[in-house]
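Student: In our numbering, the protein residues as written are 18 to 238.
Below is the structure I would like to discuss, written out as C-alpha cells.
Written out as C-alpha cells, the structure reads:
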C-alpha cells in the first residue's frame, strides 16, 4: 500500500491578517505541525542560543534579521519534521528566503490571506502582548486573563514594511490558482481554509496549489 505524501504548506499575509488564528484551527483539526518563525525566534532568544543572541541584537537595533540567519534557523527546524505534515507561518518573508526554501522542499500549498488595510488597522490597534511568552491577544475577540503590554506599533508602518520586504514572495507562489472570497469575518476565513485543508488531507491531491483568500468588507473582525 502506497504511503500518502506528506503535506508541506505555507501561510502568508501581513501582520493582523489572521495567520495565527487560521493556523491554530488547522493544527487542532488536522494534526499538522505548526512552525512559526516568531515562536522559534522567541524560544532561541529566551534560551540565549547563539542564533537567539544574534537575532536579538538586530531586533534591539530596530533592524530586520538577515535572510541567512532566518533561513538557517528555519531549515534546521524543518529537517526535524521530515516525517510530519507541516505548516510554515512567518517564513519565508523575502525572495531570498523563498528561494532557499524551494531548494530544500517541495511546497504543496501556499495560502495568502488578503485582508483590507482598515481591518488590519483595527486589529493591530487592539493587539496586546504577554511579555513572558510573546503570545498575542486581541481585546475584541481573544481577550487575555493576565496582565499584558499594549503592542504599540503603527499599523501603517507595519503594513509598509510587509509590502516592501514580503510581497516579492508572490513570485514564488507563481500565479495563485484560485482566488476565493471570504465573508466579512475572521471566522469565515478560518472556516474556508479548514474546508480546503480537509479536501487536501483526504485526497492528497497535492499539486502546488495556491489560494488567495480575500476579505472584501472592512472594519470587521
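Positions of the beta carbon are idealized from the N, C-alpha and C atoms, including for glycine.
Just so you know, these numbers come straight off a predicted model, no measurement behind them.
#1: Residue 65 by DSSP, collapsed to three states: which one?
#2: Check each candidate in 58, 130, 50 and 45 and name the one with the smallest Cα separation from residue 32.
#3: Going by beta-carbon coordinates alone, are residue 46 and residue 211 separated by less than 9 Å?
#4: Within 8 Å, do at least three Cβ pairs link the region 22-36 to the region 111-131?
#5: Do you know whose CA, among 111, 61, 55 and 96, lies nearest residue 85's CA?
#6: Flag this pair as yes or no: are the beta carbons of residue 57 and residue 94 separated by less than 9 Å?
#7: For residue 101, which three-state DSSP category applies?
#8: Within 10 angstroms of the Cβ of residue 70, are there 16 or more other Cβ atoms? Answer buried if so, exposed if not.
#9: From 36, 208, 48 and 213, pick the residue whose C-alpha is nearest to that of residue 103; which is it?
Tutor: Judging by the given coordinates:
#1: If DSSP states are grouped into helix, strand and coil, residue 65 belongs with coil.
#2: 130
#3: Contact: yes.
#4: In short, these stretches touch, since the Cβ pair count reaches three.
#5: 111
#6: yes
#7: coil
#8: Exposed.
#9: 48
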